[in-house]
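Residue numbers (this note's numbering): 0 to 328.
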Amino acid sequence: MKTRRFGRTGLQISELVFGGGWVGGLLIHQDDEVKRAAIRRAIDGGINWIDTAGDYGQGQSEIALGWLLEELETAERPHVSTKVRLDLTSDESHESQIRRGIETSLHRLRLNKVSLFQLHNPVQPKATDQHVSVDDVIADGGIADLLDGLRREGLTDQIGFTALGDTASCIRVVESGKMDSAQVYYNMLNPTAAMDETIEGLQAQDFCGLMAACRRHDVGIMNIRVFAAGVLATDRRHGREVAITPESADLKAEAQRARAAMEAAGDSGESRAETAIRFSLANADLSCVVVGLAELEHLELALQAAESGPLPAARLSALRDVWSRNFDL
């Protein structure tokens, strides 16, 4: 497993990160022996980072990781990142929710600190529903500064955010210089975060300029949703598809996009999941690719994709053509 530099943190982290989320769900829905085998195989395969969150399975992902990590020798334990999602309908202050969030996560994880603690809410110009406002994040004494306070206390080594919501607002957060990492939506169905200019013809939420901002400010990029909630990996739906961009809410159209993208990328005998991962690995700006897993077989496919390496240039070029045609929809 190759490693990549995690932005200005200077950490070298594995190209693949074990995703402990709800959509993949291995740490939430599988039995203990499968969970144990998956962690063991991931570490043996060179994965040195696990990403989770306090609201994955209402804490079940963190709880599982807590006892799983305790079974490992200290020297082989991976980095762990987790997240807090603020309830904007609550009268409880941001400061109190953030404090409670990390204390609860550390208790479940059975850790004294995590390598990375992240804001999980999407960011908008103004606070709406569960989207935080960009000013609430980057203002003096705001959310980013509250997270930094936890770092000064030694409860986390780094701080970051989930770069979803309004693209310009996310770029402002990056440009504030207050965050070490950003979780960025990027896959074969929506590659816009890596683009410096809008892709003419592509109908998708435009994250154009986001990765460029991360490059300028040396912010580590964690690639999320490499499988587009599983749509890229398989035609079989698992019922845990959660839309995080406007176009991804239409699963039928997403499936059509996925088939067109895979056809354009060409069939080299590998699985669709491997192709999707190799697409992301071709982007040198990414610090890592967070891979959601449902079964042990999915982990083996991910490790094989990392061994095969990035998609070649010819296959990437064919994808650009299908993007410009909006997947022939």
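Each residue gets a CB set at the ideal place from its N, CA and C atoms; glycine is no exception.
None of these values were measured; they are calculated from a predicted model.
Report task. List the whole-angstrom C-beta distance separating Asn222 from Cys287, where the pair is believed to meet the contact cut-off of C-beta under 8 Å. Result -> 7 Å
Query - Through-space distance from Arg7 to Glu157, alpha-carbon basis - result: Correcting the residue identity first, residue 157 is Gln in this sequence and not Glu. Between Gln157 and Arg7, the C-alpha separation is close to 10 Å.
Requested in this report: Within its chain, find whatever has a CB closer than 7 Å to the CB of Gly164; leave out the 5 residues flanking it on each side and keep chain order.
Outcome: Pro121, Val122, Gln123, His130
Query raised in the report: Helix, strand or coil for Gln303 per DSSP?
Result: helix
Requested in this report: May I ask which residues mark the beginning and end of the beta strand (DSSP E) holding Cys213?
Outcome: Taken as a continuous stretch (DSSP letters only), Cys213 belongs to no beta strand (DSSP E), being part of the alpha helix (DSSP H) at 209-215.
Query raised in the report: Assuming Ala304 and Glu273 make a contact with CB atoms under 8 Å, what is their CB distance in whole Å?
Result: 4 Å
Query raised in the report: Which residues in the same chain have their Cβ closer than 8 Å to the Cβ of Arg214, if we skip the five residues on either side of it in sequence?
Result: Asp284
Query raised in the report: To the nearest angstrom, how far is it from the Cα of Asp135 to the Cα of Val173?
Result: 14 Å
**Report entry** Cutoff 8 Å; reference Asp217; Cβ partners in own chain excluding five residues on either side
**Finding:** Gly6, Arg7
Query - Residues sharing a beta bridge with Val289, DSSP - result: Val16
Requested in this report: Just tell me which of Ala74, Arg40, Ile97 has its CA closest to the CA of Leu87.
Outcome: Ile97
Query raised in the report: Taking just the CA atoms, how far does Ser89 sit from Asp31?
Result: 35 Å
Query raised in the report: Considering only residues of the same chain and omitting the five flanking positions on each side of Gly200, which have a CB-CB separation below 7 Å?
Result: Ser323, Arg324, Asn325
Query - Simplified DSSP assignment, three categories, for Arg252 - result: Reading the sequence as shown, one finds Ala at residue 252 and not Arg. Here Ala252 sits in helix by DSSP.
Query raised in the report: Which residues mark the beginning and the end of the beta strand (DSSP E) in which Gly219 is found?
Result: 219-223
Query - Between the CA atoms of Ala162 and Thr127 - distance to the nearest angstrom - result: 16 Å
Query - Collapsed DSSP secondary structure at His130 in the structure displayed - result: strand
Query raised in the report: How about Leu209 and Val183: do their beta carbons lie closer than 8 Å?
Result: yes
Query - Minimum C-alpha distance to Asn111 - residue among Leu149, Leu145, Gly140, Lys125 - result: Leu149
Query raised in the report: Which one of Thr197, Thr166, Lys82, Leu188 has the shortest CA to CA distance from Leu154?
Result: Lys82
Requested in this report: Report, in whole angstroms, the separation of the C-beta atoms of Thr233 and Arg271, which I expect to be a contact under 8 Å.
Outcome: 6 Å
Report task. State the Cα-Cα distance for the pair Gly53 and Arg84, rounded to the nearest angstrom. Result -> 8 Å
Query raised in the report: Skipping 5 residues on each side, what residues in its chain have a beta carbon closer than 7 Å to that of Gly219?
Result: Phe5, Gly6, Thr8, Asp179, Ser180, Ser286
Requested in this report: Below 8 Å on the Cβ atoms is my guess for Val79 versus Thr51; work out the distance and round it to an integer in Å.
Outcome: 7 Å
Query - Ala317 vs Gly265 beta-carbon contact at 8 Å - result: yes
**Report entry** Beta-carbon separation (whole angstroms), Glu75 vs Ile42, contact threshold 8 Å
**Finding:** 6 Å
Query raised in the report: So what's Val83 in DSSP terms, helix, strand or just coil?
Result: strand
**Report entry** Test item: CB-CB of Pro77 and Ile49 under 8 Å
**Finding:** yes
Requested in this report: Count the other C-beta atoms from every protein chain shown that fall within 10 angstroms of the C-beta of Ala227, then say buried if there are 16 or more, exposed otherwise.
Outcome: buried
Query raised in the report: What residues in its chain sit with their C-beta under 8 Å from that of Ala211, if we drop five residues either side in the sequence?
Result: Asp195
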